[in-house]
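One structure is given below, encoded as structure tokens.
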Amino acid sequence: MLYPLSILSLLLLALIHLTHGANYIPFEPKDTISFETRAYWMRRANAALAELNSPCPFTAFGTVIVNHTATSDEYPHGKLVCMSVNQNQQKGNPTLHGEISGINNCSDILTDPKGEYKLSPQETLQAWKTLSLYTNAEPCPMCASAIRWSGFAECIYGTSIDTLVEKGWSQISLSSEDVFEESEGLPSKTSNFPCPSGCSRAAKSGYCEAVVAQQGKSEL
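When you line the sequence shown up against mature numbering (1 follows the signal peptide of the UniProt record, and there is no 0), it's residues -21 to -1, 1 to 199, in that order.
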């Protein structure tokens, strides 16, 4: 079952990052994947919470890792490779946020000699650059670093770190954007896609925000 985009007040496509090539280039290229597909996978990230943990989890952070190059009649939105959720409480490991837990899960799935993919470790390292990571909240600095080291094709997240802080979640006040921008030394490039229709990027925060029609003001 897919749940509405309501958990954690998700702002779908608040920022989308593309990782490939070398150096940091902001606000490009254009997103070629439909909003319908983006929304589908963000809902799957939400649904992972109930499928893998609980419909009422304490840490409501889910992740899905997707191969958009495997789009077909059977997989019109791309193919799910793996999914995971924040496992701090279940495993007692404070580093197992949804994104890192998802990367660990995918590594096991991709290299499983009895599984579907049967990739070698070296092949798996190359495979990350073809995959997209969807997470329903902005990656923390730890997870953003793991995403960059992995070299994912994309990282798509829902609500921002700023919103999480406003809602009372403890966070390190460093945006994924800052982490990606400071990762120029890695053999990959991170770019922002343009904001979706109806939004524009705020000069102060750098986040996509809804465009509000300006009302004319009469002079006193």
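Virtual Cβ for every residue (Gly too), placed ideally from N, Cα, C. Owing to the predicted nature of the structure, the values given are computational and were not obtained by experimental measurement.
{"query": "T114 vs G77 beta-carbon contact at 8 Å", "result": "yes"}
{"query": "Per-residue DSSP class, three states only, for L89", "result": "helix"}
{"query": "Sequence-distant residues of its chain with Cβ nearer than 6 Å to Q66 (five each side left out)", "result": "L75 and S80"}
{"query": "Rounded C-alpha distance that separates E15 from A125", "result": "27 Å"}
{"query": "Bridge partner(s) assigned by DSSP for H61", "result": "It should be noted that the sequence gives Cys, not His, for residue 61. According to DSSP, C61 bridges with I44."}
{"query": "Straight-line gap, S179 to R17 (C-alpha atoms, nearest Å)", "result": "18 Å"}
{"query": "Residues near F37 in its chain [Cβ-Cβ closer than 8 Å; skip 5 each side]", "result": "Q68"}
{"query": "Every unbroken alpha helix (DSSP H) within the stretch 103 to 140, with a cutoff of 4 residues, ordered by chain", "result": "120 to 129"}
{"query": "Residue environment, N171, which counts as buried when at least 16 other CB atoms sit within 10 Å", "result": "At N171 the pLDDT is 46, less than 50, meaning the model places this residue with poor confidence; the figure from the coordinates comes in the next sentence. Classification of N171: buried, given that the 10 Å Cβ count is 16 or more."}
{"query": "Sub-8 Å separation of residue 201 and S152 beta-carbons", "result": "With the chain covering -21 to 199 only, the question about residue 201 has no answer from this structure."}
{"query": "Proximity of S99 and E117 at Cβ, strictly below 8 Å", "result": "no"}
{"query": "Straight-line Cα distance separating H56 from A24", "result": "14 Å"}
{"query": "Host alpha helix (DSSP H) of T16 (start-end)", "result": "F14 to L31"}
{"query": "Nearest neighbour of L101, chosen from G94, S86 and E95 [CA to CA]", "result": "Contrary to the premise, residue 101 reads as Gln rather than Leu in this sequence. Nearest option by C-alpha distance: S86."}
{"query": "Pairwise C-alpha distance: L104 and A1", "result": "Unreliable placement is indicated for A1, whose pLDDT of 35 sits below 50; the coordinate value is still reported in the next sentence. The alpha-carbon atoms of A1 and L104 are separated by roughly 17 Å."}
{"query": "Three-state secondary structure (DSSP) of S51", "result": "coil"}
{"query": "Contact set for L94: own chain, Cβ-Cβ below 7 Å, skip 5 residues either direction", "result": "Per the sequence shown, residue 94 should be read as Gly rather than Leu. The answer, listed in chain order, is I88."}
{"query": "Closest by C-alpha distance to E188, when choosing among Q150, T142 and S162", "result": "T142"}
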